[in-house]
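Participant:
Numbering (the numbering used here), first residue to last: 49 to 296.
(1) Would you mind working out which of 263, 133, 203 sits nearest residue 217, comparing C-alpha positions?
(2) Please confirm if the stretch 251-261 is in contact with the stretch 161-180, defined as three or more CB-CB distances below 8 angstroms between the two stretches.
(3) Tell me the residue span of the alpha helix (DSSP H) that contains residue 14.
(4) Counting C-beta neighbours from all protein chains within 10 Å, is the total for residue 344 16 or more, i.e. buried, or is it exposed?
(5) Using the beta-carbon count (16 or more within 10 Å), is residue 284 buried or exposed?
(6) Between the Cα of residue 81 and those of 92, 102, 198, spot the shortest distance and give me the residue it belongs to.
(7) Report all residues from its chain with a CB closer than 6 angstroms to the CB of residue 293; omit the five preceding and five following residues, and keep chain order.
(8) Are the CB atoms of residue 225 and residue 249 within a distance shorter than 8 angstroms?
(9) Considering only the alpha carbon of each residue, which of 154, 290, 192, 236 lies closest to residue 90?
(10) Exposed or buried, what is residue 96 when buried is set at 16 or more other beta-carbons lying within 10 Å of its beta-carbon?
(11) Go to residue 83, then tell me how far its alpha helix (DSSP H) extends in each direction, as first and last residue.
(12) Would residue 190 be called buried (16 or more neighbouring beta carbons within 10 Å of its own) or exposed?
(13) With a floor of 3 residues, list each beta strand (DSSP E) that falls wholly inside the stretch 100-180, ordered by position along the chain.
(14) For residue 258, report the span of its alpha helix (DSSP H) as first-last.
(15) Per the contact definition of three or more C-beta pairs closer than 8 angstroms, is the stretch 109-128 in contact with the stretch 204-215?
(16) Just to confirm my understanding: we take residue 120, look at its own chain, exclude 5 residues before and 5 after, and list those with CB closer than 8 angstroms. What are they?
(17) Have a look at 104, 78, 70, 140 and flag the residue whose alpha-carbon is nearest the alpha-carbon of residue 130.
(18) Given a threshold of 16 other Cβ atoms within 10 Å of its Cβ, counted over all protein chains shown, does residue 69 qualify as buried or as exposed?
(19) List the whole-angstrom C-beta distance separating residue 167 from residue 136, where the pair is believed to meet the contact cut-off of C-beta under 8 angstroms.
(20) Whose C-alpha, out of 86, 253, 98, 159, is nearest the C-alpha of residue 74?
And the structure:
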């Protein structure tokens, strides 16, 4: 188990959602300002924050995630807001045909793309993103820039604490793989209980993503180091943000 499944009800603690909302609102506004979508697919929506922020701005949003417990949390939080917002269970590499040609924009943020696991699944996912876009539609992918990590170095991603639960996340580069760790320390238990979740993913490079996008027929590929699109990508940046367009 990734820990995300087991503790879906704590995912907002893990990702520090309350502190992130204001900044993420600005990022979503920047994406809307740039691409002016009327419809968006949030691929890897987790507990639904990004999809909800698009819907609040009047963009018809579908949040897609492979984790049913995460989607249950998303629905619990946002169904009562009566926004143009739906949640669907599914895998990026096997997007349902009923979604084909439906969206002006696909966003896959916060390193969700690495959840596909392998290079062949990455290519399938990018082809799927192209299929669900309308002609002229745009894709925005945000991931950690593993190229900036040194071999074997443990890189802290985030540490958060709430209600006596302490979460820490790390990543470690191991050749062509990246190991992602989540530790959960429950201080409410006597003695405190520590759990460690670890999973490995392919270390996707910017070049491999570019290649996958071209194979999927995308063009006008742009690289940035933030979601405000104010900084061009540099090799030392923490994040890699890639934009691409499906031809008309």
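Even for Gly, the Cβ is constructed at its ideal location relative to N, Cα and C.
Facilitator: The relevant details are as follows:
(1) 203
(2) yes
(3) No statement about residue 14 is possible, as the shown extent of the chain runs from 49 to 296 and does not include it.
(4) Any answer about residue 344 is impossible in this case: the structure gives the chain only from 49 up to 296.
(5) Counting Cβ neighbours within 10 Å, residue 284 comes out exposed, since fewer than 16 surround it.
(6) 102
(7) Within the same chain, residue 293 has close Cβ partners 186, 267, 268.
(8) Contact flag set, yes.
(9) It is 154 whose Cα lies nearest to the Cα of residue 90.
(10) buried
(11) 65-83
(12) Under the 10 Å beta carbon count, residue 190 is surrounded by 16 or more other beta carbons and is classified as buried.
(13) 108-113, 133-137, 151-156
(14) 254-263
(15) No contact exists between the stretch 204-215 and the stretch 109-128.
(16) 56
(17) 104
(18) exposed
(19) Not a contact, Cβ separation roughly 25 angstroms.
(20) 98
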